[in-house]
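*Asks:* If you scroll down you'll find the structure; I have some questions about it.
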Amino acid sequence: MNQTDSGAVMFSKDDAVLVLEDGQVYVGEPYGARGSTCGEIVFATGMTGYQETLTDPSYDRQIVVQTFPHIGDTGVNGEDPESSKIWVAGYVVREPSPNVSNWRATGSLDDDLVANGIVGICRIDTRKLVRHLRSAGVMRAGVFSGEALVDANGRLRAIDDLLDQVKATPQMQGLSLYDEVSTKQTYTIEPCGEYEGKEPLFTVAAVDLGIKAMTPHRMAERGCRVHVVPSTITFEQLQALNPDGVFFSNGPGDPEQAEPEVELLRQVLDAGYPFFGICFGNQLLGRALGFGTYKLKFGHRGINQPVKDMTTGKIEVTAHNHGFAVDAPIGETVPSPYGDGRYGRVFVSHIDLNDDVVEGLQCVDIPAFSVQYHPEAAAGPHDASYLFDRFVDLMRSSKEETRNA
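Just so you know, the sequence shown maps onto residues 960 to 1364 in our numbering.
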């Protein structure tokens, strides 16, 4: 059931109710844990990979709507999570699968949501909801079920009361969230695959701003030892790791609220370390170079976004999860705005073919580049895996230049 006139909404305490900031109301059935949750409501367009989506720290404080109508068919397993927990604030699906059918499954998605305390709603018109979010833009929302639908006297709460709770939720723009999702202790991923047990070819310091587990694994597959470090690391502590390259990960929140990380990155660039950033890391490189960032109307979230590599002309189908983007000129090489061109020339290396959003930056005069999307492909296509090879090549070239100097 979907109703937009909040004054006429009918529901019982056996239902689940989704309330949008602009007053739209959707009544469905509880999915996952019962209770209440509020956050920014966004939609993800992937047809698969829901377990990777749920455990992506970049979804911190966001209610995720799955556009694919049937979710949960393959259950959950212990291999696919991208972090130690489910990070989404809430979950919205049209039809949860009544069965689990996969040889790797160890349980159902519904049970996993309950175990992690994730409040969700199902059996609403998610197509209508997503069309609304595309036209109105993403906004704050709340999902309410069970005891959260009744007041202290046992009476059903008014929609206006639920709406007040939604409007009391902080907006995503202006939030600093990377510290709350970052690791608190440094840990190390050793080379794996054909490099397992061998001395690493390169050492990478990966600053965890909400990193997904597959990302350091992709570097380890290429012979790298990866030290995943907290967002609170100082430049001196980073230097002590003696890295051949520095990586900034994806993460949640507003890049305008990440000035400490921008300053850390400028120290990295000043020291000449090869740098690679993805997603939030791309936004931070943009800000370090002196470009602005802005919030997109509804963002890019899914595993089917077409991106053009401007350096090769190649078109990639890529995995995205971002609501902010870099504001930089497309089609020209310009001096980096910060410090009167302190970091030399830079150009937009990748663009989204749906809306021309900047999807990558390439520095010409220093060894640094970044992309706005997720080349680790978890979940997602593997079209962009070459970017890890580019990073390795950048570290190799830098090492050879140092050796020959």
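Just so you know, even glycine gets a beta-carbon here, dropped at the ideal spot from N, CA and C.
1) Where E1335 and L1255 are concerned, what is the direct C-alpha to C-alpha distance, given to the nearest angstrom?
2) Taking 8 Å as the cut-off, decide whether the C-beta atoms of Y990 and L1072 are in contact.
3) Just curious, the alpha helix (DSSP H) that K1358 is in, first and last residue?
4) Where does A1247 fall in DSSP's three states?
5) How big is the Cα-Cα spacing for Y1009 and T1361?
6) Looking only at its chain, what residues have a beta carbon closer than 8 Å to the beta carbon of G1076, apart from the 5 residues adjacent to it on each side?
7) Expressed to the nearest angstrom, what Euclidean distance is found between the alpha-carbon atoms of D1032 and C1081?
8) Suppose you measure from the CA of P1150 to the CA of V1089; what does that come to, to the nearest Å?
9) Apply the 10 Å Cβ neighbour rule to V976 and answer buried if 16 or more other Cβ atoms are within range, or exposed otherwise.
10) Just to confirm, is the Cβ distance from V1351 to F1234 under 8 Å?
11) Note down the Cα distance separating V1078 from V1102, rounded to an integer number of angstroms.
12) Identify every run of the beta strand (DSSP E) within the stretch 1259-1298, keeping only runs that are complete inside it and at least 3 residues long; order them along the chain.
13) How big is the Cα-Cα spacing for F1206 and G1240?
14) Which residue wins for smallest C-alpha separation from D973, given the options A1107, T1147, T1085 and P1040?
15) Would you say R1349 touches the ligand FMN, meaning its beta carbon is less than 7 Å from a heavy atom?
16) Classify H1333 as helix, strand or coil using the three-state DSSP reduction.
17) Taking three-plus beta-carbon pairs below 8 Å as touching, is the stretch 1316-1326 in contact with the stretch 1123-1137?
18) May I have the straight-line CA-CA distance separating V1125 from M1098, to the nearest angstrom?
19) Quick check on K1171: buried or exposed, where buried means 16 or more other Cβ atoms within 10 Å of its Cβ?
20) If I measure Cβ to Cβ from V968 and keep anything under 8 Å in the same chain, skipping five residues before and after, which residues do I get?
21) So, helix, strand or coil for L979, using DSSP?
*Replies:* Here's the rundown:
1) Within the sequence shown, numbered from 1, the residue matching residue 1335 stands at position 376. Within the sequence shown, numbered from 1, the residue matching residue 1255 stands at position 296. Rounded to the nearest angstrom, the two C-alpha atoms are 23 Å apart.
2) Position 31 of the sequence shown holds residue 990. Position 113 of the sequence shown holds residue 1072. Cβ distance < 8 Å, so Y990 and L1072 count as in contact.
3) Translated into positions along the sequence shown, residue 1358 becomes position 399. Per DSSP, K1358 belongs to the alpha helix (DSSP H) from Y1345 to N1363.
4) Within the sequence shown, residue 1247 is the residue found at index 288, counting from 1. The answer is helix: DSSP assigns A1247 an H, G or I state.
5) Sequence index remark: in the sequence shown, residue 1009 carries index 50 (1-based). Sequence index remark: in the sequence shown, residue 1361 carries index 402 (1-based). The alpha-carbon atoms of Y1009 and T1361 are separated by roughly 44 Å.
6) What you label residue 1076 is simply residue 117 of the sequence shown in a count that begins at 1. Answer for G1076: A992 and G994, listed in chain order.
7) Counting from one through the sequence shown, the residue named residue 1032 turns up at place 73. Counting from one through the sequence shown, the residue named residue 1081 turns up at place 122. Going by the C-alpha atoms only, they are around 15 Å apart.
8) Indexing the sequence shown from 1 puts residue 1150 at position 191. Indexing the sequence shown from 1 puts residue 1089 at position 130. Near 42 Å, if we compare the C-alpha coordinates of V1089 and P1150.
9) In the sequence shown, the residue the question calls residue 976 occupies position 17. It is buried - the Cβ of V976 has at least 16 other Cβ atoms within 10 Å.
10) Taking the sequence shown and counting its residues from 1, the one referred to as residue 1351 is at position 392. Taking the sequence shown and counting its residues from 1, the one referred to as residue 1234 is at position 275. No, they are not a contact pair.
11) Position 119 of the sequence shown holds residue 1078. Position 143 of the sequence shown holds residue 1102. Looking at the two C-alpha atoms, the distance is approximately 7 Å.
12) 1274-1286
13) Position 247 of the sequence shown holds residue 1206. Position 281 of the sequence shown holds residue 1240. The straight-line gap from Cα to Cα measures roughly 8 Å.
14) Counted from its first residue, the sequence shown places residue 973 at position 14. Per the Cα distances, A1107.
15) Of the ligands one can find in the structure shown there are none, so the ligand FMN has no counterpart to examine.
16) Along the sequence shown, read from residue 1 onward, the residue named residue 1333 stands at position 374. If DSSP states are grouped into helix, strand and coil, H1333 belongs with the strands.
17) no
18) Along the sequence shown, one-based indexing puts residue 1125 at 166. Along the sequence shown, one-based indexing puts residue 1098 at 139. One C-alpha to the other measures close to 10 Å.
19) As a first step, residue 1171 must be located in the sequence shown, where it is residue number 212. So K1171 counts as buried.
20) Within the sequence shown, numbered from 1, the residue matching residue 968 stands at position 9. For V968, where only same-chain residues beyond five positions count, the Cβ hits under 8 Å are Q962, V976, V984, V986 and I1118.
21) To locate residue 979, count along the sequence shown from 1; it is residue 20. Strand, per DSSP.
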